[in-house]
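Before any comments, here is the structure.
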Amino acid sequence: MNELGMAVVASRCIYDKRLFGMSFRQKKAGEWLLYWAFPLSETTNANEGYDKTQLNGVINFDVGYPGCPYCKSNGYVVCGSCHHITCMGNNHPPFVCGWCGWTGQVNIGEIRDLSGSADL
Numbered sequence: 202m203n204e205l206g207m208a209v210v211a212s213r214c215i216y217d218k219r220l221f222g223m224s225f226r227q228k229k230a231g232e233w234l235l236y237w238a239f240p241l242s243e244t245t246n247a248n249e250g251y252d253k254t255q256l257n258g259v260i261n262f263d264v265g266y267p268g269c270p271y272c273k274s275n276g277y278v279v280c281g282s283c284h285h286i287t288c289m290g291n292n293h294p295p296f297v298c299g300w301c302g303w304t305g306q307v308n309i310g311e312i313r314d315l316s317g318s319a320d321l
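Per our numbering, the very first residue in the sequence shown carries number 202; after that it's consecutive.
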């Protein structure tokens with residue numbers, strides 16, 4: 202695969218709110234592949250700014266994506282309030298954002314334009 206870019210986006214586990222990084226490879230312009238997740242400290246996140254990363258385009262999952270490093274969920278939700286990312290967990294409803302605590306319904310579908318911040 203010819204990689205155009207790589208990026209890390211900060212996320213939180215739905216169950217215990219622990220922070221983790223989601224690693225992406227850009228496959229082509231406008232298409233990103235989520236391939237890895239790893240525990241992330243608050244300090245590293247603050248230093249690297251992963252919670253401010255923005256990806257524009259279609260987001261796809263690599264078949265080897267291991268999921269959340271804490272609960273192993275391989276899905277994620279973009280919060281309808283703060284727009285941060287939280288893993289989906291193993292039980293879909295109800296969704297409670299790991300960043301702001303907002304509760305809402307999960308709509309399954311394609312995600313475009315992913316952001317680690319509320320700036321998108």
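Think of the CB as a built atom: it goes at the ideal place given N, C-alpha and C, for glycine as much as any other residue. Bear in mind that the values here come from a model prediction, so they are computed numbers and not experimental data.
Beta-bridge partners of Trp233, as assigned by DSSP: Taking the sequence shown and counting its residues from 1, one reaches residue 233 at position 32. Answer is Gln227, Ile260.
Taking the alpha-carbon of Leu241 as reference, which of Thr254, Thr287, Met223, Gly258 has the nearest alpha-carbon? In the sequence shown, the residue the question calls residue 241 occupies position 40. That would be Met223, whose Cα lies nearest to the Cα of Leu241.
With DSSP run on the structure shown, which of helix, strand or coil describes Tyr271? The residue given as residue 271 occupies position 70 in the sequence shown. Correct three-state label for Tyr271: coil.
With burial defined as no fewer than 16 other Cβ atoms inside 10 Å of the residue's Cβ, what is the status of Thr244: buried or exposed? Locating residue 244 in the sequence shown gives position 43, counting from the first residue. Exposed, by the Cβ-count rule.
With Thr287 as the anchor, note down where its alpha helix (DSSP H) starts and where it stops. Within the sequence shown, numbered from 1, the residue matching residue 287 stands at position 86. Where Thr287 is concerned, there is no enclosing alpha helix (DSSP H), although the beta strand (DSSP E) it sits in stretches over 286 to 288.
Look up Thr254 in the DSSP assignment and say whether it is helix, strand or coil. Here residue 254 is taken as the residue at index 53 of the sequence shown, counted from 1. Thr254: coil per DSSP, three-state reduction.
According to DSSP, what are the bridge partners of Arg213? Residue mapping note: residue 213 aligns to position 12 of the sequence shown, counting from 1. For Arg213, which the question treats as bridged, DSSP gives the partners Leu220, Thr287.
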